Amino acid sequence: DAGITQSPRHKVTETGTPVTLRCHQTENHRYMYWYRQDPGHGLRLIHYSYGVKDTDKGEVSDGYSVSRSKTEDFLLTLESATSSQTSVYFCATGNPSTSGAETQYFGPGTRLLVL
Amino acid sequence: KQEVTQIPAALSVPEGENLVLNCSFTDSAIYNLQWFRQDPGKGLTSLLLIQSSQREQTSGRLNASLDKSSGRSTLYIAASQPGDSATYLCAAPNQAGTALIFGKGTTLSVSS
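Going line by line, the protein sequences match chains A and B. Per my numbering, the first sequence starts with residue 1, numbered consecutively. Per my numbering, the second sequence starts with residue 1, numbered consecutively.
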């Protein structure tokens, strides 16, 4: 398995507080991703990074920001948590190419509950 | 914009049956198509990756096919076992090829 860890694994927070989730990889993959998974919606891309300090928005980026200061770390910040951000958050890494030979590797997920 | 649809959403079968999970995608200009497995409370594990130049891939009892012209992929599971019970997710690249777009998954339950 690819070495992807997420912290914390579980978090309960209150509406309006900032929250930061961390993803750490040991695979030296260029791309890192943050997804959220919700019943009825499946996995949706929040933000992704294609290199240190290079990030782009995904499908559901409102209310989230990201930072990548090192190849191995990708942080997701909920600037002011809302109950609609209660979800399971997955980090993934990979090296997509036009050959189509590369897959993505997923972390174990972080369960976030916003009260 | 790439959209990925999976049917059925849920499937229950007795042990030993062969079964087919379906995936359709709207943008056929894809580099690959992937199938993942997710166990309850866990992350995703890649099962099969079919490159655009390939028509199918096999791993053990699993066989995935890809028909880009029709925008369809199928995952065939032979001789199902209770340990196959999980959610199976299909994913295709977005138009830029930089991220994956996932279907909502098919939740499979195999009874002994």
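Note that beta-carbon positions come from the ideal geometry of N, C-alpha and C, so glycine has one too. Please read all numbers here as calculations on a predicted model, not as lab measurements.
Item                                                                                                                                                           : Value
Comparing C-alpha positions only, which one of B:Gly43, B:Thr26, B:Pro14 sits nearest to Gln104 of chain A?                                                    : B:Gly43
At a Cβ threshold of 9 Å, is Gln140 of chain B touching chain A?                                                                                               : Nothing can be reported for residue 140 of chain B, as the shown portion of chain B is limited to 1 through 112.
Per DSSP, Ser87 of chain A forms a beta bridge with which residues?                                                                                            : A:Leu112
Among B:Val13, B:Val4, B:Ile7, B:Ala9, which has the Cα closest to the Cα of Ser109 of chain B?                                                                : B:Val13
Among residues of its own chain, excluding the 5 on either side of Gly71 of chain B, which ones have a beta-carbon nearer than 7 Å to its beta-carbon?         : Ser24, Phe25, Thr26, Ser28
Which word fits Ser113 of chain B, buried or exposed, when buried means at least 16 other C-beta atoms lie within 10 angstroms of its C-beta?                  : This structure leaves residue 113 of chain B out entirely; chain B is present only between 1 and 112.
Going by DSSP in three states, Pro39 of chain A sits in which element: helix, strand or coil?                                                                  : coil
Can you tell which of B:Thr87, B:Glu56, B:Leu11 has the C-alpha that lies nearest to the C-alpha of Thr74 of chain B?                                          : B:Glu56
Quick check on this structure: which residue in A:Pro96, A:Ser84, A:Thr77, A:Thr71 has the alpha carbon closest to the alpha carbon of Ile4 of chain A?        : A:Thr71
For Pro14 of chain B, which residues does DSSP report across the bridge?                                                                                       : B:Ser111
Under 9 Å between C-beta atoms, does Tyr88 of chain B make it to chain A?                                                                                      : no
Would you check if the distance between the CB atom of Arg36 of chain A and the CB atom of Ile46 of chain A is smaller than 9 Å?                               : yes
Taking Cβ-Cβ distances shorter than 8 Å, what residues in chain B pair up with Phe90 of chain A?                                                               : Gly43, Leu44
Going along the stretch 101 to 115 of chain A in order, which residues come within less than 7 Å of chain B, judged by CB to CB distance?                      : Ala101, Thr103, Gln104, Phe106, Gly107, Pro108, Gly109
Using a C-beta cutoff of 9 Å, does His41 of chain A count as contacting chain B?                                                                               : yes
Across which residues does DSSP place Gly51 of chain A in a beta bridge pair?                                                                                  : A:Asp54
Against chain B, does Tyr64 of chain A count as a neighbour if the rule is that its beta carbon must be under 9 Å from one of theirs?                          : no
Pull up the CB-CB distance for Glu2 of chain B and Gly100 of chain A, whole angstroms please, since I reckon it's below 8 Å.                                   : First, the residue type needs correcting, since residue 2 of chain B is Gln and not Glu in the sequence shown. Incorrect: roughly 14 Å between the Cβ atoms, too far for contact.
Check whether chain B comes within 9 Å of Pro96 of chain A, counting only Cβ atoms and requiring the distance to be less than that.                            : yes
Can you list, in chain order, the residues of its chain whose CB lies under 7 Å from that of Ser87 of chain A, leaving out five sequence neighbours each side? : Arg36, Gln37, Asp38, Leu112
Ordered along the chain, which non-local residues of its own chain (more than five positions away) have a Cβ less than 6 Å from that of Asn94 of chain B?      : Gln2, Ile101
Can you give me the start and stop residues for the beta strand (DSSP E) that His24 of chain A sits inside?                                                    : 19 to 25
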